[in-house]
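Q: Using the working numbering, you'd call the opening residue of the sequence shown number 9 and step up by one each time. Can you read through this structure? Questions will come right after.
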Amino acid sequence: MIFLFFIFSFILGNETVTGKVVDKNGDPIPLVMVSNGEYHSVANQKGEFKIKIDADNKLLIFRSMGYKSKVLKVDSNSNLEVVLEEETYNLNEVVVSALSAEDIIRQAIDQIGKIYQIYPATTTYEYGEKLNFQNAQSREDNFIERFLLFNRQIDRYNGLPNFEILNIKIQEGNKEISYLDSILYQKKYFRNINSFFFEASNIPYFLTLNEMKRFNYQLEDENSEVYKIQFEGKSAKSEFDGEIWINKDDYGISYLKYWKNSKALRAENLKLNLMTKIVDFKKIAFIKEEYEIWNEKDISNRYILKSSISRVESNYKKNDIDDIYLISNIKLNLSSSPKITTNKDGYTSEDDMFTLKVWKMPVNKPKEHTYLISFDH
Numbered sequence: 009m010i011f012l013f014f015i016f017s018f019i020l021g022n023e024t025v026t027g028k029v030v031d032k033n034g035d036p037i038p039l040v041m042v043s044n045g046e047y048h049s050v051a052n053q054k055g056e057f058k059i060k061i062d063a064d065n066k067l068l069i070f071r072s073m074g075y076k077s078k079v080l081k082v083d084s085n086s087n088l089e090v091v092l093e094e095e096t097y098n099l100n101e102v103v104v105s106a107l108s109a110e111d112i113i114r115q116a117i118d119q120i121g122k123i124y125q126i127y128p129a130t131t132t133y134e135y136g137e138k139l140n141f142q143n144a145q146s147r148e149d150n151f152i153e154r155f156l157l158f159n160r161q162i163d164r165y166n167g168l169p170n171f172e173i174l175n176i177k178i179q180e181g182n183k184e185i186s187y188l189d190s191i192l193y194q195k196k197y198f199r200n201i202n203s204f205f206f207e208a209s210n211i212p213y214f215l216t217l218n219e220m221k222r223f224n225y226q227l228e229d230e231n232s233e234v235y236k237i238q239f240e241g242k243s244a245k246s247e248f249d250g251e252i253w254i255n256k257d258d259y260g261i262s263y264l265k266y267w268k269n270s271k272a273l274r275a276e277n278l279k280l281n282l283m284t285k286i287v288d289f290k291k292i293a294f295i296k297e298e299y300e301i302w303n304e305k306d307i308s309n310r311y312i313l314k315s316s317i318s319r320v321e322s323n324y325k326k327n328d329i330d331d332i333y334l335i336s337n338i339k340l341n342l343s344s345s346p347k348i349t350t351n352k353d354g355y356t357s358e359d360d361m362f363t364l365k366v367w368k369m370p371v372n373k374p375k376e377h378t379y380l381i382s383f384d385h
């Protein structure tokens, strides 16, 4: 899988630290979370990272699934090599839970509206997308790379998200953008940000109590800190199988991986094949659809989306001649999170946007949002 790694110099900060994260054998560890106060970064596929640091805070925190967290005191412009130690799960360390997998999932769902950000103030995210395609007839490879750096904030009156685009980059292969867009049935827009688990107001449907009956759950592993649960859809309508890591101290979901199962892919492709026989419809056969999401606590001790990646593979048939294979890789990464301030009246707010009275309001029925961002700038 190809991931995009972008850091921009205009993100506020006083100094910059670069380095590489490896295991005890010297092999790179990809997608390690690196943080310094409000600043965040994620190591690329080679384990390399670059992060702004606060002049008054020289501590870097490194976190990765399967490895012990590490805190280092650093200097500016350091070219670090950070070695992480693997987390061990020996039998004598395993704590046998008195709760069933279903009980743990219910607890986690119940906590979403309490320990996740509901209406966070401005957060800065990096969105990177790379679309590769190959024409089966000509064997010609091509691509589009898109990148956005944007601020995401919530409208205080209607609770809907607003986006302030800070930077855009688009790179293309040897075909015109218009040609590639015609393949995807779209203009220069993307709609997939709504699939990301940002906060309690936008969660995957399978993390709701009403949908639990459509899945089987199994407690695969646990240690003193985390439950590791596998879930599997009972039918094609359930769509997804996956894996959830749930923290024991507050039942927060720290890691989530899910993918469209074979039953759902088969049903979707059968439906598409039927439509091609009824109407003049361009055929797409979906081969793979999978997502990984990391959540972490922000400065207010509430969970927020830290990083997410997705991969979709499909086969597109424009006509009897064109047979095109598509791979879409997308990465969303938190660059900076809200600051907490206290005004002269003693009210606590995030970036002077919301008081606790606003963003701590409970959500009785989570809302699904769809976002549309244009590249025409």
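The beta-carbon is built from N, C-alpha and C at its ideal position, and this holds for glycine as well.
1) Does the distance from the C-beta atom of Ile152 to that of Glu180 stay below 8 Å?
2) Would you tell me roughly how many angstroms separate the C-alpha atoms of Trp302 and Lys265, rounded to the nearest one?
3) Counting along the chain, where does the alpha helix (DSSP H) carrying Asp111 start and finish?
4) Assign Thr132 to buried or exposed, taking buried as 16 or more other Cβ atoms, counted over all protein chains shown, within 10 Å of its Cβ.
5) Is the distance from the Cβ of Val40 to the Cβ of Ser86 below 8 Å?
6) If you reduce the DSSP assignment to three classes, tell me which class Ser243 lands in.
7) Pull up the distance between the alpha-carbon of Gly74 and that of Asp149, whole angstroms please.
8) Find out if the Cβ-Cβ distance for the pair Lys66, Lys78 is shorter than 8 Å.
9) Which residue marks the beginning of the beta strand (DSSP E) containing Arg319, and which one marks its end?
10) Would Leu278 and Phe141 qualify as a contact pair, given that the criterion is a beta-carbon distance under 8 Å?
11) Leaving out five residues before and five after Glu321 in sequence, what residues of the same chain have Cβ atoms less than 6 Å from its Cβ?
12) Reducing DSSP to helix, strand and coil, say where Tyr213 ends up.
13) Drop a sphere of 10 angstroms on the beta-carbon of Glu230, count the other beta-carbons inside from all chains shown, and report buried for 16 or more, exposed for fewer.
14) Note down the Cα distance separating Lys339 from Arg319, rounded to an integer number of angstroms.
15) Where does Arg222 sit, in a helix, a strand or coil, going by DSSP?
16) Which first and last residues belong to the beta strand (DSSP E) in which Gly27 is found?
17) Which residues bound the beta strand (DSSP E) around Gln142?
18) In terms of residues, what are the limits of the beta strand (DSSP E) holding Val40?
19) Below 8 Å between beta carbons: does that hold for Thr24 and Lys54?
20) What are the boundary residues of the beta strand (DSSP E) that includes Lys58?
21) In the structure shown, what three-state DSSP assignment does Leu334 receive?
22) Buried or exposed for Gly27, going by 16 or more other Cβ atoms inside 10 Å?
23) Within 10 angstroms of the Cβ of Ala116, are there 16 or more other Cβ atoms? Answer buried if so, exposed if not.
24) Note the first and the last residue of the continuous beta strand (DSSP E) segment covering Asn65.
25) Determine the direct distance from the alpha carbon of Asn281 to that of Arg274, and round the result to whole angstroms.
26) Is it true that the CB of Tyr225 sits closer than 8 Å to the CB of Phe239?
27) Helix, strand or coil for Ser270, going by three-state DSSP, please let me know.
28) Go ahead and pull the three-state DSSP assignment for Leu92.
29) Pick out whichever of Ile120, Leu88, Asp62 has its Cα sitting closest to the Cα of Asn255.
30) What does a CB cutoff of less than 7 Å around Glu172 pick up in its chain, not counting 5 residues either side in sequence?
31) Would you mind working out which of Ala106, Ala109, Glu56 sits nearest Leu88, comparing C-alpha positions?
32) 8 Å is my cut-off, CB to CB: does Glu95 come that close to chain C?
A: If we stick to the structure as given:
1) Closer than 8 Å, so yes.
2) Looking at the two C-alpha atoms, the distance is approximately 9 Å.
3) Secondary structure note for Asp111: its alpha helix (DSSP H) is the uninterrupted segment 109-123.
4) Counting Cβ neighbours within 10 Å, Thr132 comes out buried, since at least 16 surround it.
5) Cβ distance not < 8 Å, so Val40 and Ser86 don't count as in contact.
6) Residue state, collapsed to three classes: coil.
7) Gly74 and Asp149 have their C-alpha atoms spaced approximately 36 Å apart.
8) Cβ distance not < 8 Å, so Lys66 and Lys78 don't count as in contact.
9) That run of the beta strand (DSSP E) goes 311-325.
10) In this structure, Phe141 does not lie closer than 8 Å to Leu278 by Cβ.
11) Same-chain partners within the cutoff: Ile295, Lys296, Ile335.
12) Tyr213: helix per DSSP, three-state reduction.
13) With 16 or more other CB atoms across the displayed protein chains lying within 10 angstroms of its CB, Glu230 is buried.
14) Cα atoms of Lys339 and Arg319: separation of roughly 9 Å, rounded to the nearest angstrom.
15) DSSP places Arg222 in the helix class (H, G or I) of the three-state scheme.
16) Where Gly27 is concerned, the enclosing beta strand (DSSP E) stretches over 23-30.
17) Unbroken beta strand (DSSP E) run through Gln142: 131-143.
18) That residue, Val40, is in no beta strand (DSSP E); it is neither H nor E in DSSP.
19) No.
20) Taken as a continuous stretch (DSSP letters only), the beta strand (DSSP E) holding Lys58 covers 56-61.
21) Strand at Leu334.
22) The residue is buried, with at least 16 neighbouring Cβ atoms inside 10 Å.
23) Buried, because 16 or more other Cβ atoms sit within 10 Å of the Cβ of Ala116.
24) Note, Asn65: premise wrong, no beta strand (DSSP E); not H, not E.
25) Their backbone Cα atoms lie some 10 Å apart in a straight line.
26) Closer than 8 Å, so yes.
27) Helix.
28) If DSSP states are grouped into helix, strand and coil, Leu92 belongs with coil.
29) Checked all of Ile120, Leu88, Asp62; the closest Cα to Asn255 is Ile120.
30) Closer than 7 Å at Cβ, skipping near neighbours: Phe158, Asn159.
31) With distances taken between Cα atoms, Leu88 lies closest to Glu56.
32) Here there is only one protein chain, and chain C is not present.
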